[in-house]
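Number of protein chains: 2
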Amino acid sequence: MTDAHLGLAGQLARLPQRQVLSDDVYETVKGLIMDSVVEPGTRLNIDALTRELGISQTPIRESLARLESDGLVIKEPLRGYRVSSRLTREEFEDLFEYRLHIEPWAASRAAERSGSEDLARLKAEMLSYTDVPDRPSYESYRAMAAHDQRFHDLVLELAGNETARLSFQRTHCHLHLFRLYYGGGIATKALREHKVVVTAVRKGNPEEAAAAMRSHIEASRARLRPIFDTLSD
Amino acid sequence: MTDAHLGLAGQLARLPQRQVLSDDVYETVKGLIMDSVVEPGTRLNIDALTRELGISQTPIRESLARLESDGLVIKEPLRGYRVSSRLTREEFEDLFEYRLHIEPWAASRAAERSGSEDLARLKAEMLSYTDVPDRPSYESYRAMAAHDQRFHDLVLELAGNETARLSFQRTHCHLHLFRLYYGGGIATKALREHKVVVTAVRKGNPEEAAAAMRSHIEASRARLRPIFDTLSD
DNA sequence: CGGCTCCAGATCCTATAGGATATTGCGTAC
DNA sequence: GTACGCAATATCCTATAGGATCTGGAGCCG
Numbered sequence: 071m072t073d074a075h076l077g078l079a080g081q082l083a084r085l086p087q088r089q090v091l092s093d094d095v096y097e098t099v100k101g102l103i104m105d106s107v108v109e110p111g112t113r114l115n116i117d118a119l120t121r122e123l124g125i126s127q128t129p130i131r132e133s134l135a136r137l138e139s140d141g142l143v144i145k146e147p148l149r150g151y152r153v154s155s156r157l158t159r160e161e162f163e164d165l166f167e168y169r170l171h172i173e174p175w176a177a178s179r180a181a182e183r184s185g186s187e188d189l190a191r192l193k194a195e196m197l198s199y200t201d202v203p204d205r206p207s208y209e210s211y212r213a214m215a216a217h218d219q220r221f222h223d224l225v226l227e228l229a230g231n232e233t234a235r236l237s238f239q240r241t242h243c244h245l246h247l248f249r250l251y252y253g254g255g256i257a258t259k260a261l262r263e264h265k266v267v268v269t270a271v272r273k274g275n276p277e278e279a280a281a282a283m284r285s286h287i288e289a290s291r292a293r294l295r296p297i298f299d300t301l302s303d
Numbered sequence: 071m072t073d074a075h076l077g078l079a080g081q082l083a084r085l086p087q088r089q090v091l092s093d094d095v096y097e098t099v100k101g102l103i104m105d106s107v108v109e110p111g112t113r114l115n116i117d118a119l120t121r122e123l124g125i126s127q128t129p130i131r132e133s134l135a136r137l138e139s140d141g142l143v144i145k146e147p148l149r150g151y152r153v154s155s156r157l158t159r160e161e162f163e164d165l166f167e168y169r170l171h172i173e174p175w176a177a178s179r180a181a182e183r184s185g186s187e188d189l190a191r192l193k194a195e196m197l198s199y200t201d202v203p204d205r206p207s208y209e210s211y212r213a214m215a216a217h218d219q220r221f222h223d224l225v226l227e228l229a230g231n232e233t234a235r236l237s238f239q240r241t242h243c244h245l246h247l248f249r250l251y252y253g254g255g256i257a258t259k260a261l262r263e264h265k266v267v268v269t270a271v272r273k274g275n276p277e278e279a280a281a282a283m284r285s286h287i288e289a290s291r292a293r294l295r296p297i298f299d300t301l302s303d
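The listed protein sequences derive, respectively, from chains A and B.
Heads up, the first sequence is in our numbering, so the first residue is 71 and it goes up one at a time.
Heads up, the second sequence is in our numbering, so the first residue is 71 and it goes up one at a time.
And the structure:
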């Protein structure tokens, strides 16, 4: 009867663990896609997922429905789900055009609005991922991508426009770029170059580090272009 | 085994109707929210929906999961789903700040890029809703809101950036604004402003198109604010 | 060789049962 | 009169089985 209180956001925030299986499945499958464990176009068999994850169909169906809404999978009626394709060249250009339109603006707004606490958070995030391990691994690159995502999201948050922030988040740009980078075994080469950069940085050699990073970015660009071209066929 | 073909976008476009019950439920519930049949904060009982719609839980759960991803409902673990709240004052301001950043830019891009076919579509959409009834009714306003949504979406489409378009769509701004108010009499002014935008786009004048869109959104915001304030009491 | 039918497999949808959790109401103690 | 604890109910979440429908390929016929 008297349940008209809408101040339940605070109560929800108080719950650390979600206790809902669907969310775990959602994150799991999202991780599988993000880590390129499943390639684009792969069919996601619901029955197989029930066996592999050891749970029933219901939470898996809910997760896949949400993932479809996110654009990460595609539902083909009466045929099942498939992992959606990676970025095409055109989508890549669109995505960066959009980012070039939103993020500089968000940064300027953040510069106008941020107080000392905000700046502290930004600094903390910047410092939160500085140690690149000697042996570059798959996990380390993923951590780097996660850090990058948190950083950009924080800028949007400090801009003070929640609508813009959500809108930007829903592009899943980091996730798509992450998938792109890890396609076709390119990750290993990228990680090797990362190691060169790290080595140069640890040696305290600015010129060498700059050169390594420059060559890494150029190589990365060179690696990405043919991927766009092959996917455009 | 050999199902690695990625050209499935064209195949999907060939299927007009999906034949999947979940989509019908999704549209149905979305319509219930959009028409304010269910008020914000209302609990969406799954068992009740199974009885009312005469179907089982599975498609309803998938629909609700997608609606949650859209931000239209909120899932409270072990308590159920609720219709999400209407816009707060702050969200209202954020939304229009975002629109003022995106849509004028989109209009200018549309003015630059649009060919004759695009311009024909724009004109057709503009002419598709011209008769504003003397006595504004719920139905007429709903038709106006649908037209307004198509118009703004079309501008985003003509801007040629699918990322920006999807990002804008996912704000569901028209849906939220529709829920915010259904008074009457405002349609005529909005249609006049749409016409100014179309004229500028057809002239291929980016600056003029952006300015027209900007003034339209600002005017729209000014029209909605007082209504919003009265509802916030 | 092309076109057709039939069958196996996969998927979607339904139905039902049981465990887990939150809400509600009542009774008791202070 | 108020606060606390406890049981009953309702709801959500999970699990499992089975029918209906569609896809894909093998095999047969013209």
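All residues carry an ideal CB built from backbone N, CA and C; glycine is no exception.
Neighbour flag for residue i against chain B, beta carbons, 9 angstroms
i, result
"A/I172", "yes"
"A/K100", "no"
"A/Q127", "yes"
"A/G150", "no"
"A/G141", "yes"
"A/R136", "yes"
"A/L165", "yes"
"A/R191", "no"
"A/G253", "Reliability fails at A/G253, whose pLDDT of 47 lies under 50, so the model's placement of it is uncertain and the value that follows must be treated cautiously. No - not a single Cβ of chain B is within 9 angstroms of the one on A/G253."
"A/E97", "no"
"A/D204", "Unreliable positioning characterises A/D204 in this predicted model, as indicated by a pLDDT of 47, which lies under 50. A coordinate reading is not provided."
C-beta neighbour in chain A for residue i, strict 9 angstroms
i, result
"B/T241", "yes"
"B/N231", "yes"
"B/A260", "no"
"B/R121", "no"
"B/A234", "yes"
"B/K268", "Here residue 268 of chain B is Val; the residue named in the question, Lys, does not match the sequence. So, not an interface residue."
"B/S237", "yes"
"B/E187", "no"
"B/S92", "yes"
"B/E277", "no"
"B/S184", "no"
"B/Y305", "Since the first residue shown for chain B is 71 and the last is 303, residue 305 of chain B is missing from the structure and cannot be characterised."
"B/R131", "yes"
"B/E161", "yes"
"B/Y168", "yes"
"B/H75", "Here the model assigns B/H75 a pLDDT of 31, short of 50, so the residue's position is not dependable, and the following value carries that caveat. Yes, because at least one Cβ of chain A sits closer than 9 angstroms to the Cβ of B/H75."
Start-to-end residues for the alpha helix (DSSP H) that takes in residue i
i, result
"B/I186", "Inspection of the sequence shows that residue 186 of chain B is occupied by Ser rather than by Ile. From DSSP, the alpha helix (DSSP H) with B/S186 extends over S186 to L197."
"B/T233", "E232 to Q239"
"B/A180", "R159 to R183"
"B/D258", "With the sequence shown as reference, residue 258 of chain B is identified as Thr, and Asp is not the correct amino acid for it. Here the alpha helix (DSSP H) through B/T258 covers A257 to R272."
Strand pairing of residue i, partner residues [DSSP]
i, result
"A/V153", "A/V143"
Worksheet entry | Residue ranges of each beta strand (DSSP E) within the region 86-151 of chain B, 3 or longer | 143-146
Practice prompt. Report yes or no: do three or more beta-carbon pairs, one from the region 257-272 of chain B and one from the region 148-160 of chain B, lie closer than 8 angstroms?
Written response: no
Worksheet item: Is it a yes or a no for the region 169-182 of chain B touching the region 277-296 of chain B, going by three-plus beta-carbon pairs under 8 angstroms?
Response: yes
Discussion item. Pairs of beta-carbons, one from the region 126-133 of chain A and one from the region 89-109 of chain A, closer than 8 angstroms: are there three or more?
Written reply: yes
Worksheet item: Touching or not, the region 286-299 of chain B and the region 188-195 of chain B, by the rule of three or more beta carbon pairs under 8 angstroms?
Response: no
Worksheet item: Do the region 156-163 of chain A and the region 108-125 of chain B meet, that is, are 3 or more Cβ pairs less than 8 angstroms apart?
Response: no
Fill in: Inter-stretch contact at 8 angstroms, needing at least 3 Cβ pairs: the region 107-114 of chain A / the region 104-122 of chain B
no
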